[in-house]
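Here's the structure, in C-alpha cells; my notes come after.
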Amino acid sequence: MLGALPAPRQLKLADIRIGEETLDRGLVAWMPGPQSFTGEDCAELQVHGSPAVVRALLRKLSSQPGIRLAEAGEFTRRAFENGKLDLVEAQGLGDLIEAETENQRALAYARLEGGLTRQVEGWREQLLDLRAEIEAQIDFSDEGDVGALPESFGAEVEALRDAIGDVLATRGQGRILRSGFRVVLAGPPNAGKSSLLNALSRSDVAIVSDEAGTTRDLKEVPLDVRGQLIILIDSAGIRDTTSKAEAIGVERARQAMLSADQVLWLRAPDVAADDVQEPEFAGEPGPKPPVAIIGTKSDLGSVPGADLAVSVNTGVGIASLLDRLYEASGAGSVQASELLVSHERDREALLAAVISLHQVAGHLESSELAAEDLRQASFALERLLGRMDAESVLDRLFSAFCIGK
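In this text, residue positions in the sequence shown follow the numbering used here: the first is 32, and each later residue adds one.
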C-alpha cells in the first residue's frame, strides 16, 4: 500500500496505493505502541482533503480484510482503556474538540492537561493515609502497640472535606464557561425582543412584526462575547391570551426564565405594560434568576425605572448591554484554566465525596462506620476518574465523540 514503513514517529511522503490504483500522494506516520495516542500500533495518513479523495480512500480501505471504520470516540476509548488518559482527561479532549470560544478552549485544555486529575489524585492520597490509620485501628485493636486515633484525625478529615467543597463550589462558573451564560429576552408583546435579538447578534435571526404574539417558540442564538459564550433566548410576549398556541409559548417563556442565568425584561415607551410590570416568580421553587429592566426604543421615549436604555434604530446602548452581559457572566473575574469542575459528573462525584467525609465526624466513635465513610469517599473519586465506571457509562460518554477521535 505504501511501500516500506517510515521510521517510527517520522513523516514520509509517499504514494498511497491500494492494489494497482494510486489514490493520492500524502504524508505517512507510523507510531508503534505503546508510545502512541491509543497505546497501540497506529498509522496516520495525511492526504488531500477533497471529498473525492477521502471517499475513495475510505471505500478502498474498508474493502480490505481486517479494516473497518472506527466507531464514535473509539480511538479515545482505546486510549482510556490502555491507561493513556483517564476519564476526566478524555472528557477534556471531547470538550476541546467541540470548543467554539476562547474560554471553552482554555477550560477544556486545562482538563485535558490533567488539572482536575492531579487535584483528585492528591485527595485520593490523603484519603488513603486516613483510611490506613483507621483500618489499623480496626485490624489491630486488640494489640497493645496500636493507640487511639490522634486528635488531629477529625481535623484532617474536615480539612479534606472543605478542600473538595471549595473546588465543588466552582461548578456554577465552570458550567457557564463550558455551556454558556443563558440570557432570556422577555417582556410584554411588541416590547422589541426580536428586534433586540437581531441587533445583539448582528443578523436577522428572528422575524420582526408589528403584530403582537408572533413569537411563540423559544429561539436560541449563541454569541461569542470576548471569548465567553452568551446564549440569547428570544421568547413569547408575556400576557393573558385566549390562544392555545400562544399560551403554550407564554408558559415556555416562563419556564425559560426560571432556568436562565439572567433575564432581560424589556419594556417599551410605546407599548402598554398592562398588569405585567416585571416577571413574577412568586411560588416558584428553587433560586430565582437576576432580572434587569431594559428600556427599548429609547429613540421614542424613556422607560421609568429602566436599568439600561437601548435603541436598535440608533444603536444606543447595544454595546453597553453586551458589556453588562459579559460582566454578569463572571467571565472577566476568573481564569478559565483555573476552573476544574465543569461537568455534571464532576459535581455528582465530588458532592458524594463531601457528603461521605461530612458523615465521618459523626462516626468517629465507631471506627467501622468511619472507615466505611472514607471508603465511599474514595470510591466517589475513583468513579470520577473512570476507575469504577460501568460499561454503559463509558458507552454513553465516548459515543458523544465525533467519528475518528
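We treat Cβ as the ideally placed atom computed from N, Cα and C, and that holds for glycine.
{"Item": "Counterpart residues of L295 in DSSP-defined beta bridges", "Value": "L216 and A323"}
{"Item": "Separation of S329 from G336, as counted between CA atoms", "Value": "13 Å"}
{"Item": "Assumed close pair V151, L415 - CB separation to whole angstroms, cut-off 8 Å", "Value": "6 Å"}
{"Item": "Beta-carbon gap between I261 and F212 smaller than 8 Å", "Value": "yes"}
{"Item": "Alpha carbon of D176 to alpha carbon of E379, nearest angstrom", "Value": "Because D176 carries a pLDDT of 49, less than 50, the predicted location of this residue cannot be relied on, and the following value inherits that uncertainty. Whole-angstrom Cα-Cα distance: 40 Å."}
{"Item": "Cβ neighbours of A35 in the same chain (closer than 6 Å, five flanking residues each side left out)", "Value": "none"}
{"Item": "Exposure label - A291; buried when at least 16 CB within 10 Å", "Value": "buried"}
{"Item": "Strand pairing of R48, partner residues [DSSP]", "Value": "T53"}
{"Item": "Through-space distance from A121 to T69, alpha-carbon basis", "Value": "12 Å"}
{"Item": "Residue nearest to A384 in terms of C-alpha spacing, selected from L356, R192 and L331", "Value": "R192"}
{"Item": "The region 53 to 60 in contact with the region 74 to 94 per 3-pair CB rule at 8 Å", "Value": "yes"}
{"Item": "Beta-carbon proximity of A103 to F432, cut-off 8 Å", "Value": "yes"}
{"Item": "Same chain, Cβ closer than 7 Å to R20, neighbours up to 5 away in sequence not counted", "Value": "Only positions 32 to 436 of the chain appear in this structure, which leaves residue 20 out of reach."}
{"Item": "Short Cβ contact (8 Å threshold) for P320 with Q286", "Value": "no"}
{"Item": "Cβ neighbour criterion (16 or more within 10 Å) applied to R149", "Value": "exposed"}
{"Item": "Rounded separation between S342 and G348 - CA only", "Value": "7 Å"}
{"Item": "Proximity winner among W154, L370 and A359, relative to A408 (alpha-carbon distances)", "Value": "W154"}
{"Item": "A278 versus E251 - alpha carbon distance", "Value": "19 Å"}
{"Item": "Nearest-angstrom beta carbon gap, V365 and Q157 [assumed within contact, 8 Å]", "Value": "No, Q157 and V365 are not in contact; Cβ-Cβ is about 26 Å, not under 8 Å."}
{"Item": "Extent of the continuous beta strand (DSSP E) run through D248", "Value": "Counting along the chain, D248 falls outside any beta strand (DSSP E), and DSSP gives it neither H nor E."}
{"Item": "Alpha-carbon to alpha-carbon, E52 and A87", "Value": "11 Å"}
{"Item": "Inter-residue Cα distance where the pair is N221 and I264", "Value": "16 Å"}
{"Item": "Collapsed DSSP secondary structure at K43 in the structure displayed", "Value": "strand"}
{"Item": "Buried or exposed (CB count within 10 angstroms, at least 16 for buried), R206", "Value": "buried"}
{"Item": "Start-end ranges of the beta strand (DSSP E) lying completely within the region 251 to 290, minimum 3 residues", "Value": "259 to 265"}
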